[in-house]
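Trainee:
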Amino acid sequence: MSDHQRLANDPSPPELGLSAPTSGPDAVCITCADQADVAEVVEVVDAHTVRARSAAGLQAVDTTLLADVCVGDRVLVHAGTAISDLPASDDPEGTP
Amino acid sequence: MRFVDEFRDPVAGRAAIERIGELARAQDRHLKFMEVCGGHTHTIYRHGIEQLLPGNVELVHGPGCPVCVIPMGRVDDALHLAAQPGVTLTSFGDMMRVPGSTSTLLHAKADGADVRMVYSPLDALAIAQREPDRQVVFFAVGFETTSPSTAVTVQRARALGVDNFSVFSNHVRIVPPLRAILEAPELDLDGFIGPGHVSTVIGNRPYGFVPEEFSIPLVTAGFEPLDVIQAIEMLLRQYAEGRCEVENQYTRVVRDAGNPRAMAVLDDVFTVRDTFEWRGLGWIPESGLAISERYADLDSERRFSLPGERVEDPPACECGPVLRGVLKPWECGVFGTACTPETPIGTCMVSSEGACAAYYEFGRLQIADEPDPLPLVSADRARR
Amino acid sequence: MTTPNRPDRGTVDERIAAVRRRRPRLRDDRVTLAHGAGGKASRALVDAVFLDAFDDPALASLGDAAVLEPPTDGQRLSVSTDSFVVQPRRFPGGSIGDLAINGTVNDVVAGGGRPAWLSVAFVIEEGFEVAELHAIVADMAAAATAAGVRIVTGDTKVVGAGAADGVYITTTGVGYVPLGRDLDARAVQPGDAVVLTGTLADHGMAVMLARGELAIDADIRSDTAPMHGLAEALFAAAPGTRWLRDPTRGGLGTTLNELAGAAGLGVILAEEALPVRPTVAGACDLLGIDPIYVANEGKLVAVVPADQTPDAVDALRAHPLGADAAVIGEVRIDPPGTVVMRTTMGGSRVVDMLVGDPLPRIC
Numbered sequence: 001m002s003d004h005q006r007l008a009n010d011p012s013p014p015e016l017g018l019s020a021p022t023s024g025p026d027a028v029c030i031t032c033a034d035q036a037d038v039a040e041v042v043e044v045v046d047a048h049t050v051r052a053r054s055a056a057g058l059q060a061v062d063t064t065l066l067a068d069v070c071v072g073d074r075v076l077v078h079a080g081t082a083i084s085d086l087p088a089s090d091d092p093e094g095t096p
Numbered sequence: 097m098r099f100v101d102e103f104r105d106p107v108a109g110r111a112a113i114e115r116i117g118e119l120a121r122a123q124d125r126h127l128k129f130m131e132v133c134g135g136h137t138h139t140i141y142r143h144g145i146e147q148l149l150p151g152n153v154e155l156v157h158g159p160g161c162p163v164c165v166i167p168m169g170r171v172d173d174a175l176h177l178a179a180q181p182g183v184t185l186t187s188f189g190d191m192m193r194v195p196g197s198t199s200t201l202l203h204a205k206a207d208g209a210d211v212r213m214v215y216s217p218l219d220a221l222a223i224a225q226r227e228p229d230r231q232v233v234f235f236a237v238g239f240e241t242t243s244p245s246t247a248v249t250v251q252r253a254r255a256l257g258v259d260n261f262s263v264f265s266n267h268v269r270i271v272p273p274l275r276a277i278l279e280a281p282e283l284d285l286d287g288f289i290g291p292g293h294v295s296t297v298i299g300n301r302p303y304g305f306v307p308e309e310f311s312i313p314l315v316t317a318g319f320e321p322l323d324v325i326q327a328i329e330m331l332l333r334q335y336a337e338g339r340c341e342v343e344n345q346y347t348r349v350v351r352d353a354g355n356p357r358a359m360a361v362l363d364d365v366f367t368v369r370d371t372f373e374w375r376g377l378g379w380i381p382e383s384g385l386a387i388s389e390r391y392a393d394l395d396s397e398r399r400f401s402l403p404g405e406r407v408e409d410p411p412a413c414e415c416g417p418v419l420r421g422v423l424k425p426w427e428c429g430v431f432g433t434a435c436t437p438e439t440p441i442g443t444c445m446v447s448s449e450g451a452c453a454a455y456y457e458f459g460r461l462q463i464a465d466e467p468d469p470l471p472l473v474s475a476d477r478a479r480r
Numbered sequence: 481m482t483t484p485n486r487p488d489r490g491t492v493d494e495r496i497a498a499v500r501r502r503r504p505r506l507r508d509d510r511v512t513l514a515h516g517a518g519g520k521a522s523r524a525l526v527d528a529v530f531l532d533a534f535d536d537p538a539l540a541s542l543g544d545a546a547v548l549e550p551p552t553d554g555q556r557l558s559v560s561t562d563s564f565v566v567q568p569r570r571f572p573g574g575s576i577g578d579l580a581i582n583g584t585v586n587d588v589v590a591g592g593g594r595p596a597w598l599s600v601a602f603v604i605e606e607g608f609e610v611a612e613l614h615a616i617v618a619d620m621a622a623a624a625t626a627a628g629v630r631i632v633t634g635d636t637k638v639v640g641a642g643a644a645d646g647v648y649i650t651t652t653g654v655g656y657v658p659l660g661r662d663l664d665a666r667a668v669q670p671g672d673a674v675v676l677t678g679t680l681a682d683h684g685m686a687v688m689l690a691r692g693e694l695a696i697d698a699d700i701r702s703d704t705a706p707m708h709g710l711a712e713a714l715f716a717a718a719p720g721t722r723w724l725r726d727p728t729r730g731g732l733g734t735t736l737n738e739l740a741g742a743a744g745l746g747v748i749l750a751e752e753a754l755p756v757r758p759t760v761a762g763a764c765d766l767l768g769i770d771p772i773y774v775a776n777e778g779k780l781v782a783v784v785p786a787d788q789t790p791d792a793v794d795a796l797r798a799h800p801l802g803a804d805a806a807v808i809g810e811v812r813i814d815p816p817g818t819v820v821m822r823t824t825m826g827g828s829r830v831v832d833m834l835v836g837d838p839l840p841r842i843c
């Protein structure tokens, strides 16, 4: 390592001039984060677009990455794209 | 939404915490688990999970925050792009505040550059279609959760013949930094809480080397508090039962094989770079994704001439050791003094997924200050 | 050749005088700079848009100032001013007009006042549609009636196209504070309860979704409403109420941090007690926002002595605007100046002040 240790000995202060506003303490950048939401397909719009309902409401979702998408399917949405489909029904026990 | 509520159930959570207590007592040694994802870090702080764990179970925060690992030089390149006449630079929100060597995208925007936040790369493509006179660049960051969206967008741009759109790819892969962390001598880890949504794309198989080569268990986990707690329990149970393997806590979402279609689209649109620089971690072989030859015309790095200069991290900033889990956020010399969420020096303080920002916002409560469980007697009476 | 029947000079003068007596009529579809120049066009706009809708004798006199009765019996005044620039101007559950009245009314209420008078000032961008102005002013008139306040004075300015974004409204409110009502963070005691009058984050999320940047379609409505009746119900049931605020910009988290700071005490919240509508919670999750930092426009948060809390909550719940009222936490000595959330999972975390941009990231 390391650039880090080498740089730690550099006496010059960072010249950054930073005063950018930040988001709130709990404002997560959901796309930068590894965050994704489950949504249920309510309408197939075209070959690669559906409308899907999540807890938040309806949104348009790109489904290029999924094989066959039908109304009622549950998909995992990240950055406007369905990155995965989900098992067909809720397992009430949830996890192993 | 029931789907989520189940995984915030306090009764189940407390029961799992008790089991964790028993399992940890039986271990009779200190155990250090790294959560790879910034999303996990956020959940852990937001729900106060760290304080619920037994004293000999320690969580360290890994490099899985895509904003946190972007080196300054790449931000400078994005600022350079934003400064070109006719260019509209689009990016996700958190990238707006990441400091380059002299400025941020937010400052550039205030100074008149056309910088816009988007929720999806497809939105950036839509801007290009709406405004054919602009050169629209998407400043792409993220792990395999996000790179498929970018890949789909690049394919769509080609199919639609949109020629005023390009992607400045800074996409990264999750496995190479895991290996780099495991090979670093100073960190002594006993387990990984593996990435949830990345694994919906790449599956669980790529993590096989972690137990096989390094004898460390890994449990892929979701992002609700109960997910993280269960993953910790599963790691401890592996120790109790003498196992060491890759396990999947997030079965409701993650398949072992991942999403082969998404992988195929990634293979089509991206090519693995020989090496890529990570903030704090240095250069890691095969860790970055560039736009492939097939889509060279949609690659901002080929369309524009970029300075591409390497910029050293600010000397005061100890993001590197923090990202490797060697330093706790508050052990950094500038934490909370020169480096705060209002004036971040290091990227770990920029994104609320970053270990420093998460600790700054949520974690400062010392255990000694911790209040007793809230009785809320008056509330109960009022709710009768 | 016949001589036309020419009117005599007197008749002409009379006609002119009659025309001049007539109220100038607003014929334009859009506001122009002339409407702000103080001449006939200004008068026409004021007459047609504002006087008709607001219909108050003090306003109709068009004097330079409203002259009003002073408070009696040593009552004090609660005075507040606020500017409203919301985009979009109309959103599910309300409009900039509703906010301009309710926002200031609620600030007066949070000061302990019974709202009585309002002044309103408009800054209008050249080219603004008169029809939309009518609609906004109608919302304001209805909101003022609902809040029981008189609009007694006002002002209108027109600025060039591009110098403002549509219309900005500034309102100033005045209310009487009844004798003995003394709200002060320094009066807050350890052991007091923190009471919230309803669900969090409805307004902020409604506006955010109405901006249409998020491509999400959800049934979320702003909670904008005047809080005067609810506050009086609270004061009647809990006369010892020590502190009252309406958690608008920055949300509950920011407001309670201000309380903790001013009182030098700790505020401990119970996560499971915070009321949030399921759709709003879902939208917040999706967008990565904590509802505790999202603006409300129809809620109050109060600190009430513990022994008066059950009565306070019962009274609030009996009011149409307080059905979801709940005790959400309590005041402690430790940790001073800090808001702590006891999470559903049993952990705890600091709830910090909202830093910087009050609007959450869209990504």
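Chains as they are written, first to last, in our numbering: chain A, 1 to 96; chain B, 97 to 480; chain C, 481 to 843. All C-beta atoms, glycine included, are put in the ideal place defined by N, C-alpha and C.
Taking Cβ-Cβ distances shorter than 7 Å, what residues in chain B pair up with alanine 67 of chain A?
Mentor: Walking along the first sequence from the start, residue 67 of chain A turns up at place 67. Within chain B, the residues near alanine 67 of chain A are Arg357.
Trainee: In this structure, how does DSSP classify glutamate 282 of chain B when only helix, strand and coil are distinguished?
Mentor: As a position in the second sequence, residue 282 of chain B is number 186, starting the count at 1. DSSP places glutamate 282 of chain B in coil when its eight states are reduced to three.
Trainee: Report yes if the CB atom of alanine 39 of chain A is closer than 7 Å to the CB atom of alanine 47 of chain A, and no otherwise.
Mentor: For this step, residue 39 of chain A is matched to residue 39 along the first sequence. For this step, residue 47 of chain A is matched to residue 47 along the first sequence. Cβ atoms of alanine 39 of chain A and alanine 47 of chain A: not closer than 7 Å.
Trainee: For glutamate 43 of chain A, which of helix, strand or coil comes out of DSSP?
Mentor: Locating residue 43 of chain A in the first sequence gives position 43, counting from the first residue. DSSP places glutamate 43 of chain A in strand when its eight states are reduced to three.
Trainee: Can you tell me the Cα-Cα spacing of aspartate 697 of chain C and valine 760 of chain C, whole angstroms?
Mentor: The count along the third sequence starts at 1 and reaches residue 697 of chain C at position 217. The count along the third sequence starts at 1 and reaches residue 760 of chain C at position 280. Using only the alpha carbons, I get a separation of about 12 Å.
Trainee: Taking 7 Å as the threshold (beta carbon to beta carbon), is leucine 680 of chain C in contact with chain A?
Mentor: Stepping through the third sequence from its first residue, residue 680 of chain C is reached at position 200. False, the Cβ-Cβ gap to chain A never drops below 7 Å.
Trainee: Out of curiosity, what's the CA-to-CA distance linking leucine 542 of chain C and arginine 507 of chain C?
Mentor: Walking along the third sequence from the start, residue 542 of chain C turns up at place 62. Walking along the third sequence from the start, residue 507 of chain C turns up at place 27. Between leucine 542 of chain C and arginine 507 of chain C, the C-alpha separation is close to 21 Å.
Trainee: Start and end of the beta strand (DSSP E) containing glutamate 114 of chain B?
Mentor: The residue given as residue 114 of chain B occupies position 18 in the second sequence. Taken as a continuous stretch (DSSP letters only), glutamate 114 of chain B belongs to no beta strand (DSSP E), being part of the alpha helix (DSSP H) at 106-123.
Trainee: Is aspartate 3 of chain A helix, strand or coil when you go by DSSP?
Mentor: The sequence position of residue 3 of chain A within the first sequence is 3, counting from 1. Residue confidence is low: aspartate 3 of chain A scores 32 on pLDDT, short of 50, so the model does not pin down where it sits. No coordinate-derived value is stated.
Trainee: Tell me which residues share the same chain as glutamate 609 of chain C and place their Cβ nearer than 7 Å to its Cβ, disregarding the 5 neighbours each side in the sequence.
Mentor: Along the third sequence, one-based indexing puts residue 609 of chain C at 129. Same-chain partners within the cutoff: Asp509 and Arg510.
Trainee: Can you tell me which residues form a DSSP beta bridge with alanine 806 of chain C?
Mentor: In the third sequence, the residue the question calls residue 806 of chain C occupies position 326. DSSP output for alanine 806 of chain C lists C:Leu676 as bridge partner(s).
Trainee: Kindly say whether serine 84 of chain A, judged by its beta-carbon, lies nearer than 7 Å to any beta-carbon of chain C.
Mentor: In the first sequence, residue 84 of chain A corresponds to position 84, counting from 1. By this cut-off, serine 84 of chain A is not an interface position.
Trainee: Can you check which of these residues, B:Ser199, B:Asp173, B:Met168 and B:Glu114, is closest to isoleucine 145 of chain B by C-alpha distance?
Mentor: By 1-based counting over the second sequence, the position of residue 145 of chain B is 49. It is B:Glu114 whose Cα lies nearest to the Cα of isoleucine 145 of chain B.
Trainee: Between the region 544-556 of chain C and the region 685-692 of chain C, can you find at least three pairs of beta-carbon atoms closer than 8 Å?
Mentor: Inter-segment contact for the region 685-692 of chain C and the region 544-556 of chain C is absent: fewer than three beta-carbon pairs are separated by less than 8 Å.
Trainee: Glycine 158 of chain B and glycine 421 of chain B look like a contact to me (Cβ under 8 Å); what is the Cβ gap, rounded to whole Å?
Mentor: For the purposes of this step, residue 158 of chain B is taken as residue 62 along the second sequence, with counting starting at 1. For the purposes of this step, residue 421 of chain B is taken as residue 325 along the second sequence, with counting starting at 1. Indeed, because the Cβ distance is near 6 Å, the residues count as touching under 8 Å.
Trainee: Identify the continuous beta strand (DSSP E) that holds isoleucine 380 of chain B and give its terminal residues.
Mentor: Taking the first residue of the second sequence as position 1, residue 380 of chain B is located at position 284. Segment 378-381, the beta strand (DSSP E) holding isoleucine 380 of chain B.
Trainee: With glycine 731 of chain C as the anchor, note down where its alpha helix (DSSP H) starts and where it stops.
Mentor: Within the third sequence, the letter at position 251 stands for residue 731 of chain C. Taken as a continuous stretch (DSSP letters only), the alpha helix (DSSP H) holding glycine 731 of chain C covers 731-743.
Trainee: Using a Cβ-Cβ cut-off of less than 9 Å, give me the residues of the region 141-161 of chain B that come near chain C, in sequence order.
Mentor: Listed in sequence order: Tyr141, Arg142, His143, Gly144, Ile145, Glu146, Gln147 and Leu148.
Trainee: Using the three-state DSSP reduction, which class does aspartate 699 of chain C fall into: helix, strand or coil?
Mentor: Numbered from 1 along the third sequence, position 219 holds the residue referred to as residue 699 of chain C. Correct three-state label for aspartate 699 of chain C: coil.
Trainee: Between C:Arg729, C:Asp493, C:Ser575 and C:Ala782, which has its C-alpha nearest isoleucine 649 of chain C's C-alpha?
Mentor: As a first step, residue 649 of chain C must be located in the third sequence, where it is residue number 169. When each option's Cα is compared against that of isoleucine 649 of chain C, the closest is C:Ser575.
Trainee: State the beta-bridge partners of glutamate 343 of chain B as determined by DSSP.
Mentor: Numbered from its first residue, the second sequence carries residue 343 of chain B at position 247. Paired residue(s): B:Val315.
Trainee: Could you check what DSSP says for valine 233 of chain B in three-state terms: helix, strand or coil?
Mentor: One-based indexing of the second sequence puts residue 233 of chain B at position 137. In the structure shown, valine 233 of chain B sits in a strand (DSSP, three-state: E or B).
Trainee: Answer with buried or exposed for glutamine 5 of chain A, where buried requires no fewer than 16 other C-beta atoms within 10 angstroms of its C-beta.
Mentor: Locating residue 5 of chain A in the first sequence gives position 5, where the first residue counts as 1. Low local confidence applies: a pLDDT of 30 at glutamine 5 of chain A is under 50, so the model's placement there is unreliable, and no value is given.
Trainee: I need the straight-line Cα distance from threonine 636 of chain C to aspartate 210 of chain B, nearest angstrom please.
Mentor: Your numbering for residue 636 of chain C matches position 156 in the third sequence. Your numbering for residue 210 of chain B matches position 114 in the second sequence. Each residue's alpha carbon lies about 34 Å from the other.
Trainee: When you compare the CB of alanine 596 of chain C with every CB in chain A, is at least one pair closer than 7 Å?
Mentor: Numbered from 1 along the third sequence, position 116 holds the residue referred to as residue 596 of chain C. Chain A, which has no Cβ nearer than 7 Å to the Cβ of alanine 596 of chain C, makes this no.
Trainee: With a threshold of 7 Å between beta-carbons, can phenylalanine 99 of chain B be considered close to chain A, or not?
Mentor: Position 3 of the second sequence, counted from the first residue, corresponds to residue 99 of chain B. In this predicted model, phenylalanine 99 of chain B has a pLDDT of only 45, less than 50, meaning its place in the structure is not dependable; the value taken from the coordinates is given anyway. At least one chain A Cβ lies under 7 Å of phenylalanine 99 of chain B.
Trainee: At a cut of 8 Å, does the region 400-407 of chain B reach the region 424-434 of chain B through at least three beta carbon pairs?
Mentor: no
Trainee: Return the residue from the list B:Val263, B:Cys444 and B:Ser295 that minimises the CA-CA distance to phenylalanine 234 of chain B.
Mentor: For the purposes of this step, residue 234 of chain B is taken as residue 138 along the second sequence, with counting starting at 1. Per the Cα distances, B:Val263.
Trainee: Hey, how far is the Cα of phenylalanine 261 of chain B from the Cα of isoleucine 387 of chain B?
Mentor: Here residue 261 of chain B is taken as the residue at index 165 of the second sequence, counted from 1. Here residue 387 of chain B is taken as the residue at index 291 of the second sequence, counted from 1. Cα to Cα, phenylalanine 261 of chain B sits roughly 13 Å from isoleucine 387 of chain B.
Trainee: So threonine 186 of chain B is in the beta strand (DSSP E); what residue range does that whole segment cover?
Mentor: Along the second sequence, read from residue 1 onward, the residue named residue 186 of chain B stands at position 90. Looking at the DSSP string, the run of the beta strand (DSSP E) that includes threonine 186 of chain B is 183-187.
Trainee: Alpha helix (DSSP H) containing glycine 746 of chain C: first to last residue?
Mentor: Taking the third sequence and counting its residues from 1, the one referred to as residue 746 of chain C is at position 266. No alpha helix (DSSP H) contains glycine 746 of chain C, which is instead part of the beta strand (DSSP E) from 746-750.
Trainee: In chain B, which residues lie with their C-beta within 7 Å of the C-beta of threonine 823 of chain C?
Mentor: One-based indexing of the third sequence puts residue 823 of chain C at position 343. Per Cβ cutoff of 7 Å: His143 and Gly144.
Trainee: In terms of residue numbering, what span does the beta strand (DSSP E) encompassing threonine 650 of chain C cover?
Mentor: Taking the third sequence and counting its residues from 1, the one referred to as residue 650 of chain C is at position 170. That run of the beta strand (DSSP E) goes 647-657.
Trainee: Could you list which residues in chain C have their beta carbon closer than 9 Å to that of histidine 208 of chain B, in chain order?
Mentor: One-based indexing of the second sequence puts residue 208 of chain B at position 112. Here the sequence assigns glycine to residue 208 of chain B, which means histidine is not the residue at that position. Chain C residues near glycine 208 of chain B: none, gap ~16 Å exceeds 9 Å.
Trainee: Spell out the partners DSSP gives leucine 76 of chain A in its beta bridges.
Mentor: The sequence position of residue 76 of chain A within the first sequence is 76, counting from 1. A:Val38 and A:Ser84.
Trainee: Who pairs with leucine 557 of chain C in a beta bridge, going by DSSP?
Mentor: Position 77 of the third sequence, counting from 1, holds the residue named residue 557 of chain C. DSSP links leucine 557 of chain C through a beta bridge to C:Tyr656.
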